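Visitor: First residue of the sequence shown: 43, per the working numbering; consecutive thereafter.
Okay, here's the structure, questions in a sec.
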Amino acid sequence: MYPCLSPGGSAVYDSPIAAGRLLVGTQGGVVELEETAAGWREAGRGLADHHVCALIGEPVSGNYYAGTHDAGVFVSPDGRHWQPASQGLEHSNVFSMASVRRPDGSVRLYAGTEPAALFESRDFGQSWQRLTGLEATTGRDGWMFPAPPFIAHIKQIAIHPQNPDLIYVCVEQGGLYSSPDAGKTWTEHTAGMPNDAHRVLLHPTRPGRLFLANGFFFNRSDDGGKTWFEMKEQTQKIGYADPLVYHPRRPETMFVSGAFATPDTWVKGSANVSIARSHDGGDSWQYARGGLPDEFKPSVEAMSLEALGDACRVFIGNTDGEVWLTEDEGKQWRQIASHLPPVSKCFHADLIHGKLDLTEVRIPDEIRALMEQMVVREA
């Protein structure tokens, strides 16, 4: 299947050879990029009237699924022709999607929405059921989002590579939660931390090792999320961590990207993004931004890794509608597409392009204090 690039969809792909195609979720639909002898080109678009936030490929059915901000889920056999697939889905704003094949061969699809709820499909998207266990968790009344409509959403869904029953969700803003029983019961892992959870990465061969990218820190846990420590010294240029991927055949190789500071600083016209890489399972990190502008202004909202044996391709998409590619793990990046619709979750593209009034944003006092610390660090 073709790799997909989107803010809230699948981010790791394992291919015997380079697919030569990439499906990109944008504010103007799904853009198909094709690699030719002359370079990459746009080969088609679908769902052009929809803001696509999540794209996944499901290998058993061969289908692709798109989660939109306004019209639920769509399904496609080829990434070009799309049909609605939202029966039973109670909310139309889908921020995240994931799929897993279980030991008995069955497949489960998951969709995370705004308001923050998790839905499951056991029939390849023909119908959806709400997993109500997440909504019974302690602290749900405090979930919110600072920008209109001030409603929390599920930003990411992660399923452990070795255990299909172990599901993690990042609630923005509400924290990181896990379920050991395929969504029946849930535990919070970020009590006492900022609850702006963006991404979680579950190390496939180191039990208990988790990485959490949130709105203020990049954190690691070695005990399944009971305790965390911040990796600030090695990733000081990444204050607003977000995209996070690993190499499935060499899981010690990982990438993280993020803006220098929180989105309120982007009104200056720059997110000042950096990318870092680890070759030792997250014990140490090095910046990996060769070929990128010295000040990378657009926000990188999506990152996908296509594993090709021990090698890999890493794609990133940003709020300026650009797609960049590295084939040497960040030593050199090159732009393969531009002038696409923004690759962006909800309002980020509008914010960085000066189209959002920050006076409408509601920021809790404890979060504002952390933001002020970041402004001091930037100065």
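All C-beta atoms in this analysis are idealised placements derived from N, C-alpha and C, irrespective of residue type, glycine included.
As the structure is a computational prediction, the values presented were derived from the model and not from experiment.
May I ask you to report which of helix, strand or coil DSSP gives Trp308?
Guide: In the structure shown, Trp308 sits in a helix (DSSP, three-state: H, G or I).
Visitor: Only counting the same chain, and skipping five residues up and downstream in sequence, which positions put a Cβ closer than 7 Å to that of His289?
Guide: So the list reads Thr295, Leu347, Ala349, Cys354, once near-sequence residues are dropped.
Visitor: Under 7 Å from any heavy atom of the ligand COA, does the C-beta of Trp308 make it?
Guide: The ligand COA is not part of the structure shown, which contains no ligands of any sort.
Visitor: Taking 8 Å as the cut-off, decide whether the C-beta atoms of Ser330 and Glu371 are in contact.
Guide: Per the sequence shown, residue 330 should be read as Ala rather than Ser. For Ala330 and Glu371, yes; Cβs fall inside 8 Å.
Visitor: Buried or exposed: Arg241, going by 16 or more other Cβ atoms within 10 Å of its Cβ?
Guide: Result: buried.
Visitor: Who are the near neighbours of Lys274 in its chain, counting only those whose CB is closer than 8 Å to its CB and skipping five residues on each side?
Guide: Same-chain partners within the cutoff: Phe259, Phe260.
Visitor: Excluding the five sequence neighbours on either side, which residues of its own chain have a C-beta within less than 8 Å of the C-beta of Trp124, listed in chain order?
Guide: Around Trp124: Val72, Gly88, Leu89, Ala108, Phe116, Val117, Ser118.
Visitor: Taking the straight line between their C-alpha atoms, what separation do you get for Ser169 and Ala53?
Guide: Computed Cα separation, rounded: 24 Å.
Visitor: Would you mind working out which of Pro190, Gly114, Arg144 sits nearest Ala153, comparing C-alpha positions?
Guide: Comparing Cα positions, the closest option is Gly114.
Visitor: Just verifying my parser: in three-state terms, what is the DSSP assignment at Asp362?
Guide: Coil at Asp362, not helix or strand.
Visitor: Could you compute how far the alpha carbon of Val287 sits from the alpha carbon of Val356?
Guide: Approximately 9 Å between the Cα atoms of the pair.
Visitor: Helix, strand or coil for Ala178, going by three-state DSSP, please let me know.
Guide: Of the three classes helix, strand and coil, the one that applies to Ala178 here is helix, per DSSP.
Visitor: Report the rounded CA-to-CA distance for Ala313 versus Gly147, giving the unit in angstroms.
Guide: Roughly 43 Å separates the two Cα atoms.
Visitor: Return the first residue and the last residue of the beta strand (DSSP E) that Ala200 is part of.
Guide: Its beta strand (DSSP E) spans residues 195-201.
Visitor: Do Asp207 and Ala224 have their beta-carbon atoms positioned less than 8 Å apart in this structure?
Guide: Yes, the pair counts as a contact, with Cβ atoms nearer than the cut-off.
Visitor: Using the Cα positions of Ser48 and Val94, report the straight-line distance between them to the nearest angstrom.
Guide: Going by the C-alpha atoms only, they are around 8 Å apart.
Visitor: Just the C-alpha distance for Ile280 and Phe137, rounded to the nearest angstrom, thanks.
Guide: Going from the Cα of Ile280 to the Cα of Phe137 covers about 23 Å.
Visitor: Express the C-alpha separation of Ser299 and Leu367 in angstroms, rounding to a whole number.
Guide: Those two C-alpha atoms are separated by around 14 Å.
Visitor: In chain order, which continuous runs of the beta strand (DSSP E) of length 3 or greater are located wholly inside the segment 252-281?
Guide: Correct list: 252-256, 260-263.
Visitor: When burial is assigned at 16 or more other CB atoms within 10 Å of the CB, is Ser326 buried or exposed?
Guide: Exposed: under 16 other Cβ atoms inside 10 Å.
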